[in-house]
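Chains as they are written, first to last, in my numbering: chain G, 1 to 90; chain D, 91 to 180; chain Y, 181 to 270; chain H, 271 to 360; chain R, 361 to 450; chain Z, 451 to 540; chain C, 541 to 630. No residue lacks a Cβ here, since even glycine has one placed at the ideal position from N, Cα and C. The model shown is predicted, which means the values in this text are computed figures rather than measured ones.
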Amino acid sequence: MKVKPMDDRVLVELLEEETKTASGIIIPDTAKEKPTMGKVIAVGTDEDLKEYIKEGDKILFGKYGGEDITLDGKDYKIIQRSDILAILED
Amino acid sequence: MKVKPMDDRVLVELLEEETKTASGIIIPDTAKEKPTMGKVIAVGTDEDLKEYIKEGDKILFGKYGGEDITLDGKDYKIIQRSDILAILED
Amino acid sequence: MKVKPMDDRVLVELLEEETKTASGIIIPDTAKEKPTMGKVIAVGTDEDLKEYIKEGDKILFGKYGGEDITLDGKDYKIIQRSDILAILED
Amino acid sequence: MKVKPMDDRVLVELLEEETKTASGIIIPDTAKEKPTMGKVIAVGTDEDLKEYIKEGDKILFGKYGGEDITLDGKDYKIIQRSDILAILED
Amino acid sequence: MKVKPMDDRVLVELLEEETKTASGIIIPDTAKEKPTMGKVIAVGTDEDLKEYIKEGDKILFGKYGGEDITLDGKDYKIIQRSDILAILED
Amino acid sequence: MKVKPMDDRVLVELLEEETKTASGIIIPDTAKEKPTMGKVIAVGTDEDLKEYIKEGDKILFGKYGGEDITLDGKDYKIIQRSDILAILED
Amino acid sequence: MKVKPMDDRVLVELLEEETKTASGIIIPDTAKEKPTMGKVIAVGTDEDLKEYIKEGDKILFGKYGGEDITLDGKDYKIIQRSDILAILED
């Protein structure tokens with residue numbers, strides 16, 4: 001079973017905060033409360049959004065944005081484009 | 091008697107949470123309070139919406155979205171496009 | 181004297197809840213408080229609305245929507261398109 | 271001196287509730303508090319509005335809509351299009 | 361020194377209520393609190409507004425609208441188009 | 451170092467109230483609290499705004515509008531077009 | 541790892557207030573509470589924004605705008621175009 005986000009939403013798998021690492025690691029300032037980094041699992045039906053976000057992208061999003069869902073015990077969020085702050089590139 | 095949703099709304103039959111199942115089962119995180127998964131019974135009059143949602147589709151929607159109606163003892167909701175989070179594909 | 185609703189409004193005659201009937205009867209979940217089903221008596225001046233709603237149609241509308249008026253002792257409501265949830269078809 | 275309403279407003283003379291009459295008489299449900307029926311004295315400068323509303327038309331409007339003015343001891347209201355609920359036709 | 365209102369604003373000189381006069385005199389209902397009639401001294405930079413309002417026009421405006429300024433001891437207001445209710449014509 | 455306002459903003463140097471002067475002097479009614487007159491030091495990047503406002507113009511603006519900044523001990527404000535009430539012309 | 545802001549956002553490195561300096565130094569009035577000056581590290585995906593803001597630009601932004609993130613112990617903000625007040629040019 002697959003989850004296809006509607007319109008300009010993305011489905012993200014929540015990523016643990018990667019703290020205490022050497023250089024290049026991003027820690028959302030407010031991450032102490034709730035992670036706000038995620039890996040995109042599926043991109044919505046909106047054509048314009050697909051030009052900017054691909055499956056596998058890591059994104060930052062506002063910690064109050066999105067709707068929580070659980071799939072096989074893992075935490076996911078469905079997030080609207082307006083809550084996506086940035087894409088993390090390697 | 092049929093219910094034809096107006097504009098960009100859909101009529102959904104509420105689905106029980108399919109918990110305790112093996113792989114591939116989605117459980118809305120907040121489902122303990124109220125199910126937010128439904129099967130589309132009828133799609134609204136909006137032409138654009140019909141390109142994305144068909145009768146029989148299973149959808150996820152925000153738990154505070156939609157208006158409740160009862161038809162022959164079963165619970166239904168009429169939900170606007172902006173409250174549809176995702177389509178579940180097999 | 182006729183009532184011509186302005187713009188995208190309709191004039192509806194409030195319908196009693198048709199409870200305790202066999203199959204095919206719709207009862208708004210919240211109907212215990214106030215009926216939200218009505219028969220369209222007149223459609224507004226908006227051309228686009230006329231393509232979707234005709235006189236005689238039965239519609240469902242949000243229970244807080246619309247403005248109440250009384251005509252010859254019967255209850256009517258004037259309802260905007262955005263409060264029309266669905267059209268009931270036989 | 272004439273009052274020319276600005277943009278999509280109309281100037282209306284407030285009409286007394288025509289209660290206790292035989293068939294065909296409209297009484298706003300909330301008329302006990304304040305009349306919401308009026309005769310159009312002047313239509314605003316908006317060209318589109320003029321296609322729907324003429325001087326002499328009787329209209330229904332939301333009881334909280336409009337601004338009160340007094341002209342030679344009579345009560346008038348200046349009402350925006352969005353507060354006009356319906357036109358009453360003979 | 362001249363005051364040129366910005367965009368769709370007008371500069372008006374506040375007019376005293378012309379009460380106790382014979383026929384044709386307009387008294388804003390709420391004028392007991394604050395005058396809401398004014399003579400247009402200058403029209404803003406907006407081209408569309410100039411088609412409807414000219415210098416010297418008397419206008420009615422919502423009593424909470426506009427910003428007060430004082431010029432040589434006289435009271436003026438700068439009022440946006442959306443607060444202009446009507447133009448008074450002789 | 452120069453301050454280039456973004457989009458439809460202007461940078462203004464706050465002007466002292468020019469009270470007790472003879473004819474032609476404008477005193478914002480509420481100036482007792484805070485000056486709302488300023489001289490434009492820089493106009494934003496918005497092309498349309500440049501047609502109406504030039505460096506050196508004196509403008510009136512709403513006293514709650516704008517963001518305060520200090521440059522070399524002088525008070526400045528960055529003000530959006532929607533808060534500019536009028537341009538003062540000699 | 542690089543942070544690519546989404547849509548019309550920029551990533552900025554927060555700059556210390558440069559107080560007690562000679563001429564030409566800008567101190568946001570409210571800087572006592574929180575710095576609101578930053579150096580642009582990355583510009584968002586929005587094509588129009590790129591015409592106005594470049595990497596390396598120093599900008600002023602509203603102190604309540606933006607989302608805080610931390611990267612390798614340094615404070616950053618992700619700021620939307622509507623919160624960018626001005627660009628500082630040398």
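Query                                                                                                              : Result
Min CB distance I624(C) to chain G below 8 Å                                                                       : no
Interface partners of I177(D) on chain G, CB under 7 Å                                                             : K4, M6
V580(C) versus D586(C) - alpha carbon distance                                                                     : 15 Å
Three CB pairs or more closer than 8 Å across the segment 44 to 64 of chain G and the segment 81 to 89 of chain G  : yes
Enclosing alpha helix (DSSP H) for L499(Z) [first to last residue]                                                 : 497 to 500
Distance, M487(Z) Cα to I429(R) Cα                                                                                 : 11 Å
Spatial neighbours of G336(H) in its chain, beta-carbon cut-off 7 Å, leaving aside the 5 residues before and after : K347, I348, I349, D353
Assigned secondary structure, D75(G) (DSSP; H/G/I helix, E/B strand, else coil)                                    : strand
Between the CA atoms of P5(G) and I323(H) - distance to the nearest angstrom                                       : 46 Å
Alpha-carbon to alpha-carbon, D90(G) and G56(G)                                                                    : 12 Å
Beta-carbon separation (whole angstroms), D98(D) vs L139(D), contact threshold 8 Å                                 : 5 Å
Boundaries of the beta strand (DSSP E) in which I239(Y) is found, first to last residue                            : 238 to 241
Distance, L284(H) Cα to V100(D) Cα                                                                                 : 42 Å
Contact set for A492(Z): own chain, Cβ-Cβ below 8 Å, skip 5 residues either direction                              : K452, V453, K454, P455, V460, L461, E505
Three-state secondary structure assigned by DSSP to D428(R)                                                        : strand
Contact with chain G by I581(C), beta-carbon distance below 8 Å                                                    : no
Run of the beta strand (DSSP E) containing K544(C), from where it starts to where it stops                         : 542 to 545
Test: D180(D) CB closer than 8 Å to a CB of chain G                                                                : yes
Separation of E196(Y) from T300(H), as counted between CA atoms                                                    : With a pLDDT of 47 at T300(H), under the threshold of 50, the modelled position of this residue cannot be trusted; read the value that follows with caution. Spanning the two alpha carbons is a distance of roughly 21 Å.
Contact with chain G by L104(D), beta-carbon distance below 8 Å                                                    : no
Environment of G44(G) [buried if 16+ CB atoms lie within 10 Å]                                                     : buried
Chain H within 8 Å of Y332(R), Cβ atoms only                                                                       : The question about residue 332(R) has no answer here: the residues shown for chain R are numbered 361 through 450.
Extent of the continuous beta strand (DSSP E) to which G578(C) belongs                                             : 577 to 583
L191(Y): contacting residues in chain H (beta-carbon distance under 8 Å)                                           : A356
Residue range of the unbroken beta strand (DSSP E) whose run includes I233(Y)                                      : No beta strand (DSSP E) contains I233(Y), which DSSP labels as neither H nor E.
Interface partners of G602(C) on chain Z, CB under 9 Å                                                             : E517
Residue-level contact to chain G via CB, M577(C), 8 Å cutoff                                                       : no
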